[in-house]
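Down below is the structure, laid out as structure tokens.
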């Protein structure tokens, strides 16, 4: 049983599972935002556009929906379509769902593109070292970018070496004595002189 939980812990703590969990949580939160935008702002605008496209009169509401089963009610002595009880296709909701999907897909595309660019940048920095080594071994002239990279890398190495040397020198210096110890040694030496 203990081995099972250790394997489960190892599986959960892997990078891909954690990334997937974070992505799911962010995706759910972002989907809620886009759904609110779509239902609260875009759908009323789409319905208004459809209303005016179909004439902008009382019959326009009937045209905005494809009514599959009509249920009528009487209002002010007139028989009118009861949209609440009728079975219909709401084109505004359908268009709003398409826009919702496109917004979520676009934002996910941007997120994935950003992560891929970061990943590609890391791979390029690894590849530049091997490319420079290959060119040096073949005697091929380096580009200005590669030369600048080497200068920057050399400066970083020199700075790291200087820092290491400084730490080594500080470590090799004797530790300063405690003032109390120094005072006690002086008193001891003074007493030894007086006894002689």
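In our numbering, the protein residues as written are 100 to 295. Note that the Cβ used here is the ideal one computed from N, Cα and C, for glycine as well.
So, with DSSP's three-state summary, where would you put residue i?
{"i": "residue 188", "result": "strand"}
{"i": "residue 165", "result": "strand"}
{"i": "residue 283", "result": "helix"}
{"i": "residue 182", "result": "coil"}
{"i": "residue 172", "result": "strand"}
{"i": "residue 276", "result": "coil"}
Would you kindly check if the distance between the Cβ of residue j and the Cβ of residue i is under 8 angstroms?
{"i": "residue 145", "j": "residue 165", "result": "no"}
{"i": "residue 171", "j": "residue 181", "result": "yes"}
{"i": "residue 217", "j": "residue 248", "result": "no"}
{"i": "residue 168", "j": "residue 185", "result": "yes"}
{"i": "residue 222", "j": "residue 231", "result": "no"}
{"i": "residue 198", "j": "residue 141", "result": "yes"}
{"i": "residue 133", "j": "residue 203", "result": "yes"}
Please identify the residue among the options whose C-alpha is closest to the C-alpha of residue i.
{"i": "residue 192", "options": "294, 149, 129, 181", "result": "149"}
{"i": "residue 200", "options": "130, 120, 288", "result": "130"}
{"i": "residue 92", "options": "242, 205, 285, 238", "result": "As shown, the chain starts at 100 and ends at 295. That puts residue 92 outside it, with no answer to give."}
{"i": "residue 123", "options": "271, 207, 293", "result": "207"}
To which residues of the same chain is residue i closer than 8 angstroms at the C-beta, ignoring the five residues directly before and after it?
{"i": "residue 240", "result": "234"}
{"i": "residue 242", "result": "none"}
{"i": "residue 259", "result": "none"}
Leaving out five residues before and five after residue i in sequence, what residues of the same chain have Cβ atoms less than 7 angstroms from its Cβ?
{"i": "residue 288", "result": "none"}
{"i": "residue 291", "result": "none"}
{"i": "residue 210", "result": "none"}
{"i": "residue 138", "result": "195"}
Problem set entry | Length-filtered (4 minimum) alpha helix (DSSP H) runs lying within the stretch 235-272 | For the stretch 235-272, the continuous alpha helix (DSSP H) assignments of 4+ residues that do not extend past its boundaries occur at 243-271, in sequence order.
For this session: Would you mind listing the beta strand (DSSP E) stretches within the stretch 119-159 that are 3+ residues and don't spill past its ends, in chain order?
Result: none
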